[in-house]
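A.B. asks: Just so we're aligned: the sequence shown equals residues 1 to 189 in UniProt numbering.
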Amino acid sequence: MARLLRWAPYMGHLPTMKPITIRPALSAQTSKSQMNSEKGDAETRRRRRRKRKMLAIQSGIRKVHSAVDAPRLTKFFLHAPKCVEVEFSNGSTFKLSAEFLRIYSPAADGRVRSIGGEKVISGRRQVGIMSAERVGNYGVRIIFDDLHKTGIYSWDYFHHLGSNKFSLMKNYIKSLKKHGLSRDPPRRR
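1. Give the straight-line distance between the Cα atoms of residue 42 and residue 49, rounded to the nearest whole angstrom.
2. Nearest to residue 131 by alpha carbon, out of 150, 106, 54, 183?
3. Quick check on the burial criterion: 16 or more other C-beta atoms within 10 angstroms. Buried or exposed for residue 64?
4. If I measure Cβ to Cβ from residue 81 and keep anything under 6 Å in the same chain, skipping five residues before and after, which residues do I get?
5. How about residue 84 and residue 176: are their beta carbons less than 8 Å apart?
6. Evaluate residue 148 with the Cβ neighbour count: other Cβ atoms within 10 Å of its Cβ, from every protein chain shown; 16 or more gives buried, anything less gives exposed.
7. Can you tell me the Cα-Cα spacing of residue 159 and residue 44, whole angstroms?
8. Would you give the residue range spanned by the alpha helix (DSSP H) that residue 97 belongs to?
9. Restricting to Cα atoms, I'd like to know which of 72, 96, 124 is closest to residue 79.
10. Give me, in chain order, the residues of the same chain whose beta-carbon lies closer than 6 Å to that of residue 146; leave out the 5 immediate sequence neighbours on both sides.
11. Nearest CA to the CA of residue 89: which residue from 174, 71, 163, 99?
12. Using a 10 Å radius around the Cβ and a threshold of 16 neighbouring Cβ atoms, would you call residue 173 buried or exposed?
13. Taking only three categories from DSSP, how would you classify residue 66?
14. In this structure, how does DSSP classify residue 107 when only helix, strand and coil are distinguished?
15. Put residue 82 into one of helix, strand or coil per three-state DSSP.
16. Could you give the residue range of the alpha helix (DSSP H) that holds residue 163?
17. Go to residue 139, then tell me how far its beta strand (DSSP E) extends in each direction, as first and last residue.
18. Where does residue 122 land, buried or exposed, given buried means 16+ other C-beta within 10 angstroms?
19. Whole-angstrom Cβ separation of residue 143 and residue 101, contact assumed at under 8 Å?
20. CB-CB under 7 Å to residue 106, same chain, minus the five flanking residues each way: which ones, in chain order?
In structure tokens, the structure reads:
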């Protein structure tokens, strides 16, 4: 079999050389099983190529989707100890309570109960925010009065939390009820 290179204009802006295979004419000695195995290999390669292209397209869509959906943060207010207020370039403003931010902290926490693989944090109704530190150009580290300080909240994550605040809180309360837990801290004896 001979291999030739052919320009494939659909691959991008620059000319890309794509190998193509020229098959010799079938001879009497070529068996059906050889033809089927070659056909199967070609089909497998075609599927892999298609899958790689789809993954590249999906990755590009995710990047564009996240860049379009998350507007830039314009203002960040810390109303210690109870809440954080964030304002975005599209005019949306969200007031996020300390409890809400604590239970949806992006950090892994040692005091989290994992019940059936579900992350459940209880007893955080009275938690407060002690301070907030800017982390680079992308987020804030919030330090809570229960000494949790490992979560870094990105601007996109603040927008996600604010946009879905009511459904997230509803699901949290439903999850607590399901497992017989409470938002209030346990009483000390």
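Here a beta-carbon is modelled for each residue, glycine too, at the ideal position from N, C-alpha and C.
C.D. replies: Looking at the atomic coordinates:
1. Distance from the CA atom of residue 42 to the CA atom of residue 49, rounded to whole angstroms, is 10 Å.
2. A check of alpha carbon separations from residue 131 across 150, 106, 54, 183 identifies 150 as the nearest.
3. Residue placement at residue 64 is flagged as unreliable, the pLDDT there being 47, under the threshold of 50; a coordinate-derived value is accordingly withheld.
4. These residues qualify, in order along the chain: 128, 129.
5. It is not a contact, given that the beta carbons lie outside the stated cut-off.
6. Residue 148 comes out buried.
7. The alpha-carbon of residue 159 is positioned some 42 Å away from that of residue 44.
8. Segment 93 to 97 is the beta strand (DSSP E) holding residue 97; no alpha helix (DSSP H) there.
9. If we check each option's Cα against that of residue 79, 96 comes out closest.
10. Around residue 146: 127.
11. Checking every option, the nearest Cα to that of residue 89 belongs to 71.
12. That one is exposed.
13. Reliability fails at residue 66, whose pLDDT of 49 lies under 50, so the model's placement of it is uncertain and no value is given.
14. Correct three-state label for residue 107: coil.
15. Reduced to three states, the DSSP call for residue 82 is coil.
16. That run of the alpha helix (DSSP H) goes 155 to 163.
17. Annotation for residue 139: the continuous beta strand (DSSP E) segment containing it runs 139 to 144.
18. With 16 or more Cβ atoms within 10 Å of its Cβ, residue 122 is classed as buried.
19. The pair is not a contact, with the Cβ atoms about 11 Å apart (cut-off 8 Å).
20. Excluding residues within five positions, the ones whose Cβ falls inside 7 Å are 151, 152, 153, 157.
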